[in-house]
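In my numbering, the protein residues as written are 2 to 474.
Right, dumping it as structure tokens:
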């Protein structure tokens with residue numbers, strides 16, 4: 002256990018590097034008051050819905066935010082290099098709902114921003130109970146799904162570490178997990194550039210570098226990644242970045258579950274196949290419209306939300322004012338009609354959104370040295386299969402290797418769980434160097450019994466929340 006003693010020694014020295022802040026307090030998911038609601042076009046019913054969603058978000062992220070921990074450490078300077086370890090400490094794993102025997106550490110490290118500068122960010126590192134016979138853990142970097150855009154919506158601050166149930170499947174199989182929060186979540190040195198896939202890919206890559214600095218001689222040189230939704234798209238982009246194209250990087254490939262990789266294309270598709278239909282509110286894709294607009298805004302501050310309808314455009318101010326997280330952002334559309342949410346013409350003519358996809362999306366002609374395993378639920382109302390299959394088709398046309406797996410009848414979250422046996426085996430095969438023929442595969446999984454299989458209508462739960470609020474408020 003020399004690696005653990007070394008890490009604790011590092012922790013004792015680096016904990017002293019933290020700047021003074023204040024005691025834990027709420028910093029996100031504040032409720033809409035009548036005054037704030039009036040300012041941003043959110044009436045009584047909207048206020049009730051958003052405030053109910055806020056309660057769910059606080060359940061996820063934790064009502065109290067540890068400001069001392071997430072403050073920018075004083076050892077972060079302009080000369081800090083991406084991958085530098087800034088601070089680390091052990092967490093009380095028994096309080097986190099992780100698998101028995103799991104050890105968890107939270108850490109701050111430096112990553113690379115869009116302009117090439119170093120910025121601090123945070124995350125966690127988790128280990129299974131037993132050290133492998135080889136003495137070194139096989140590491141997998143986990144990219145989390147959408148939890149929010151405000152710094153208080155950090156997965157590492159979550160009482161249950163947000164998606165530990167997903168990466169816990171890898172802990173069970175003996176892998177070590179490195180899970181970045183992404184820059185701008187947790188530490189607030191920089192704004193969170195939501196779904197900017199280049200920044201997410203950098204965060205994922207440099208989290209691995211920093212983990213090696215935190216725990217020297219603890220990991221194999223070979224490493225992999227797995228992500229869901231937002232994180233899945235970042236992992237897809239990582240495969241295209243120059244930093245992992247050489248074998249010396251040790252990178253073996255990634256798993257991308259429901260990746261929203263080319264959002265502008267999906268927006269155009271959704272206008273024709275979802276948003277123009279009378280039952281458009283039955284699709285979670287409608288609730289993703291605020292996130293699509295934020296994706297562009299967080300990278301291009303001058304963006305004027307050209308794609309949005311007038312009411313939602315006004316409501317976007319609530320996100321900054323109240324530091325909203327995912328459930329509340331999704332709920333912003335629940336009492337609106339489509340013309341209030343989205344401008345079809347504005348979307349079709351949105352040059353900045355088109356530019357964003359070209360600069361920061363995937364499948365724009367780049368080649369990848371390593372393969373991807375990609376999953377899509379055929380009944381995913383948030384991300385219809387086209388959003389996954391079309392980028393995969395494009396990537397394959399450039400000579401890349403993708404194993405695409407389709408899951409009939411499954412929505413967003415159920416796809417992650419149901420696909421676990423396949424993607425964990427794929428990861429094991431990559432580490433074990435099981436021969437994989439170069440190229441692409443596309444397989445639809447065969448359910449044992451779809452009629453009796455456990456599943457859920459994820460967006461339906463949001464609609465039920467809205468229905469519980471009287472329409473005459």
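A virtual CB, placed ideally from N, CA and C, is assigned to each residue, including glycine.
According to DSSP, is residue i helix, strand or coil?
{"i": "residue 222", "result": "coil"}
{"i": "residue 293", "result": "helix"}
{"i": "residue 22", "result": "In this prediction, residue 22 has a pLDDT of 47, which is less than 50 and means its spatial position is unreliable; what the coordinates show is noted afterwards. Residue state, collapsed to three classes: coil."}
{"i": "residue 415", "result": "helix"}
{"i": "residue 355", "result": "helix"}
{"i": "residue 68", "result": "helix"}
{"i": "residue 1", "result": "Since the displayed the chain opens at 2 and closes at 474, residue 1 lies outside it and no answer follows."}
{"i": "residue 121", "result": "strand"}
{"i": "residue 152", "result": "coil"}
{"i": "residue 88", "result": "strand"}
{"i": "residue 343", "result": "strand"}
{"i": "residue 301", "result": "coil"}
{"i": "residue 27", "result": "coil"}
{"i": "residue 276", "result": "helix"}
{"i": "residue 349", "result": "helix"}
{"i": "residue 105", "result": "strand"}
{"i": "residue 370", "result": "coil"}
{"i": "residue 75", "result": "coil"}
{"i": "residue 126", "result": "strand"}
{"i": "residue 185", "result": "coil"}
{"i": "residue 509", "result": "Residue 509 is absent from the model: the chain starts at 2 and stops at 474."}
{"i": "residue 232", "result": "helix"}
{"i": "residue 288", "result": "helix"}
{"i": "residue 323", "result": "helix"}
{"i": "residue 194", "result": "coil"}
{"i": "residue 240", "result": "helix"}
{"i": "residue 94", "result": "helix"}
{"i": "residue 159", "result": "coil"}
What is the residue span of the beta strand (DSSP E) that residue i lies within?
{"i": "residue 377", "result": "373-378"}
{"i": "residue 255", "result": "252-258"}
Compare the beta carbon distance of residue i and residue j with 8 Å and say whether it is the shorter of the two.
{"i": "residue 110", "j": "residue 144", "result": "no"}
{"i": "residue 402", "j": "residue 439", "result": "yes"}
{"i": "residue 275", "j": "residue 265", "result": "no"}
{"i": "residue 162", "j": "residue 245", "result": "no"}
{"i": "residue 330", "j": "residue 357", "result": "no"}
{"i": "residue 322", "j": "residue 37", "result": "yes"}
{"i": "residue 43", "j": "residue 319", "result": "yes"}
{"i": "residue 212", "j": "residue 179", "result": "yes"}
{"i": "residue 463", "j": "residue 250", "result": "no"}
{"i": "residue 63", "j": "residue 146", "result": "no"}
{"i": "residue 300", "j": "residue 197", "result": "yes"}
{"i": "residue 371", "j": "residue 252", "result": "yes"}
{"i": "residue 261", "j": "residue 294", "result": "no"}
{"i": "residue 248", "j": "residue 220", "result": "no"}
{"i": "residue 140", "j": "residue 148", "result": "no"}
{"i": "residue 227", "j": "residue 256", "result": "yes"}
{"i": "residue 468", "j": "residue 46", "result": "no"}
{"i": "residue 106", "j": "residue 125", "result": "yes"}
{"i": "residue 151", "j": "residue 326", "result": "yes"}
{"i": "residue 66", "j": "residue 88", "result": "no"}
Assuming residue i is part of the alpha helix (DSSP H), what are its boundary residues?
{"i": "residue 207", "result": "198-215"}
{"i": "residue 46", "result": "45-62"}
{"i": "residue 389", "result": "387-398"}
{"i": "residue 167", "result": "165-172"}
{"i": "residue 271", "result": "264-271"}
{"i": "residue 330", "result": "327-331"}
{"i": "residue 37", "result": "35-40"}
{"i": "residue 338", "result": "Unbroken run through residue 338: none, as it is neither H nor E."}
{"i": "residue 313", "result": "311-316"}
{"i": "residue 246", "result": "Taken as a continuous stretch (DSSP letters only), residue 246 belongs to no alpha helix (DSSP H), as it is neither H nor E."}
Across which residues does DSSP place residue i in a beta bridge pair?
{"i": "residue 140", "result": "177"}
{"i": "residue 381", "result": "Its beta-bridge partners do not exist; DSSP assigns none."}
{"i": "residue 112", "result": "120"}
{"i": "residue 99", "result": "In DSSP, residue 99 forms no bridge with anything."}
{"i": "residue 227", "result": "143 and 256"}
I want to check one thing, is the minimum distance from the CB of residue i to the heavy atoms of the ligand SAH below 7 Å?
{"i": "residue 454", "result": "With respect to the ligand SAH, the structure offers nothing, as it holds no ligand at all."}
Taking only runs that begin and end inside the segment 402-474, name each unbroken alpha helix (DSSP H) of 4 or more residues, in chain order.
413-419, 421-432 and 459-468
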